[in-house]
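Structure first, commentary second.
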Amino acid sequence: MSTILYALKGLVNVLSLLMVLSASIWLLYRYKKNTVATILAAIVVVVLLLSSTNYLPRYLAIQLENKYLPFDTLVVKFQHEKFYIHVLGSGNNYDPRLPANSQLGLAAIGRLTEAIRIHRILKNSIIVCSANSMLGLETQASVTKRAAILLGVDSNRIEKIDTPSTTKEEAEAMHMRY
0 MSTILYALKG LVNVLSLLMV LSASIWLLYR YKKNTVATIL AAIVVVVLLL
50 SSTNYLPRYL AIQLENKYLP FDTLVVKFQH EKFYIHVLGS GNNYDPRLPA
100 NSQLGLAAIG RLTEAIRIHR ILKNSIIVCS ANSMLGLETQ ASVTKRAAIL
150 LGVDSNRIEK IDTPSTTKEE AEAMHMRY
């Protein structure tokens, strides 16, 4: 069942929506509904431009990121409580021939690198890796943990949550567990 849901997630995207709208435009022109077809065509062009360039996503990300201050390790460096550094999943390519750090995607490597940087500053920290495997292979949490170990993190200072499949589930699992 999870394989079917995984396949459906890939089918419902902007490109398939644009294809359906384009077919609708063709039908509307064919049946002489030119005004509606022209409006729909304009919408398709705008959606295509917004979804195929990085201007809108970059603008939205910058607006969101500017709401928050960067993490300041000096504020918490001298506290003695335990800190959990959560490394969210963001994709990996399972290939057992490669080392774990070569299996992680670019975003996952960036997240793990930042987690290790903070982990080295905060002596009472534990890195928590999360994300499952949609295909039933080794979970991304496991691959990320192996990559962290390859990059010099003590295996006793890394934990993993193997079940979440979305960012929301990862955050909920982290909240419930710690």
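The sequence shown runs 0 to 177 under numbering that gives the first Met the number 0. Ideal placement from N, C-alpha and C gives every residue a C-beta, glycine not left out. All of these numbers come straight from a predicted model, not from anything done at the bench.
Task: DSSP-derived helix/strand/coil call for L103 - done: For this step, residue 103 is matched to residue 104 along the sequence shown. DSSP places L103 in strand when its eight states are reduced to three.
Task: Start-to-end residues for the alpha helix (DSSP H) that takes in H228 - done: Given that the chain is displayed from residue 0 to residue 177, the structure contains no residue 228 and the question cannot be resolved.
TODO: Following the continuous alpha helix (DSSP H) through S15, name the residue where it begins and the one where it ends.
DONE: Looking up residue 15 in the sequence shown gives position 16. Per DSSP, S15 is one residue of the alpha helix (DSSP H) stretching across 13 to 29.
Task: Exposed unless 16 or more other CB atoms sit within 10 angstroms - verdict on T211 - done: Any property of residue 211 remains undetermined from this structure, which presents the chain solely from 0 to 177.
Open item on the list: Going by beta-carbon coordinates alone, are T120 and R156 separated by less than 8 Å?
Closed with: Taking the sequence shown and counting its residues from 1, one reaches residue 120 at position 121. Taking the sequence shown and counting its residues from 1, one reaches residue 156 at position 157. Note that residue 120 corresponds to Ile in the displayed sequence, not to Thr. No. Outside cutoff.
Task: N- and C-terminal bounds of the beta strand (DSSP E) containing S124 - done: Residue 124 sits at position 125 when you count from the first residue of the sequence shown. Boundaries of the beta strand (DSSP E) harbouring S124: 124 to 129, taken from the DSSP string.
- [ ] Can you tell me the Cβ-Cβ gap for A99 and L149, rounded? I've got them flagged as a contact below 8 Å.
- [x] Translated into the one-based positions of the sequence shown, residue 99 becomes position 100. Translated into the one-based positions of the sequence shown, residue 149 becomes position 150. Yes, they are in contact, since the Cβ atoms of A99 and L149 sit about 6 Å apart, within 8 Å.
TODO: Could you check which residue in G151, L97, A170 has the C-alpha nearest to that of A130?
DONE: The residue you call residue 130 lines up with position 131 of the sequence shown. Comparing C-alpha distances from A130 to each of G151, L97, A170 shows the shortest one belongs to A170.
Open item on the list: Could you tell me the alpha carbon to alpha carbon distance between K76 and A147, rounded to whole angstroms?
Closed with: Counting from 1 along the sequence shown, the entry for residue 76 is found at position 77. Counting from 1 along the sequence shown, the entry for residue 147 is found at position 148. Cα to Cα, the separation comes out at about 21 Å.
Open item on the list: Just to confirm my understanding: we take T162, look at its own chain, exclude 5 residues before and 5 after, and list those with CB closer than 7 Å. What are they?
Closed with: Counted from its first residue, the sequence shown places residue 162 at position 163. Counting only residues of its own chain and dropping the five nearest sequence neighbours on each side, T162 has a CB closer than 7 Å to the CB of N131, A172.
Open item on the list: For Y83 and Y177, what's the separation of their Cα atoms in angstroms?
Closed with: In the sequence shown, residue 83 corresponds to position 84, counting from 1. In the sequence shown, residue 177 corresponds to position 178, counting from 1. Answer to the nearest angstrom: the Cα atoms are 8 Å apart.
Open item on the list: Please classify L111 as buried or exposed, where buried requires at least 16 other C-beta atoms within 10 Å of its C-beta.
Closed with: As a first step, residue 111 is located in the sequence shown; it is residue number 112 there, counting from the start. A buried status is given to L111, since no fewer than 16 other beta-carbon atoms sit within 10 Å of its beta-carbon.
Open item on the list: Which residues does DSSP list as the beta-bridge partners of E158?
Closed with: Numbered from its first residue, the sequence shown carries residue 158 at position 159. According to DSSP, E158 bridges with V127.
Open item on the list: Taking 8 Å as the threshold (C-beta atoms), are G104 and A140 in contact?
Closed with: Working through the sequence shown from its first residue, we reach residue 140 at position 141. Working through the sequence shown from its first residue, we reach residue 104 at position 105. No, the pair does not count as a contact, with Cβ atoms beyond the cut-off.
- [ ] Give every residue of the same chain whose Cβ lies closer than 8 Å to the Cβ of L39, excluding the five residues on either side of it in the sequence, and list them in chain order.
- [x] Your numbering for residue 39 matches position 40 in the sequence shown. Once the five neighbours on either side are set aside, the close Cβ partners of L39 are L20, S23, I24, L27.
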